[in-house]
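The structure appears below as structure tokens.
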Amino acid sequence: GMPNMDPQARIGFSAHGSFKRSDFGITFGVPAPGTTMGVGDLIDFSIEAEFTGPPLAVAPEATH
Numbered sequence: 002g003m004p005n006m007d008p009q010a011r012i013g014f015s016a017h018g019s020f021k022r023s024d025f026g027i028t029f030g031v032p033a034p035g036t037t038m039g040v041g042d043l044i045d046f047s048i049e050a051e052f053t054g055p056p057l058a059v060a061p062e063a064t065h
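Letter by letter, the sequence shown follows residues 2 to 65 of the numbering used here.
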């Protein structure tokens, strides 16, 4: 059932990944071959999101 203190509708997700900046044409600051001076090319990212909406509708109880 729904929690008594917070009857809001909820949905959430998590996403994790990585990409190379150079794959998108962003090469400024990428270290020259054989050096370590500059900004790394590989980017790791994490996204955590949760969305809330209006209270869920409660179905009326059936009558017999």
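For glycine and all other residues, C-beta sits at the position ideal for the given N, C-alpha and C.
Starting from the C-beta of Phe-20, find all residues in its chain whose C-beta is less than 7 Å away, skip the five residues before and the five after it, and write them out in chain order. The beta carbon of Phe-20 is closer than 7 Å to those of Ile-44 in its chain, skipping five residues each way along the sequence.
Note the first and the last residue of the continuous beta strand (DSSP E) segment covering Ala-16. That run of the beta strand (DSSP E) goes 9–21.
Could you give the residue range of the beta strand (DSSP E) that holds Glu-62? If you look at Glu-62, you'll find it isn't in any beta strand (DSSP E); DSSP assigns it neither H nor E.
Nonlocal neighbours in the same chain, by C-beta distance under 7 Å from Ile-12, ignoring five residues either side: Around Ile-12: Phe-52.
Answer yes or no: do Pro-34 and Asp-42 have a C-beta to C-beta separation smaller than 9 Å? Not a contact, by the Cβ cut-off of 9 Å.
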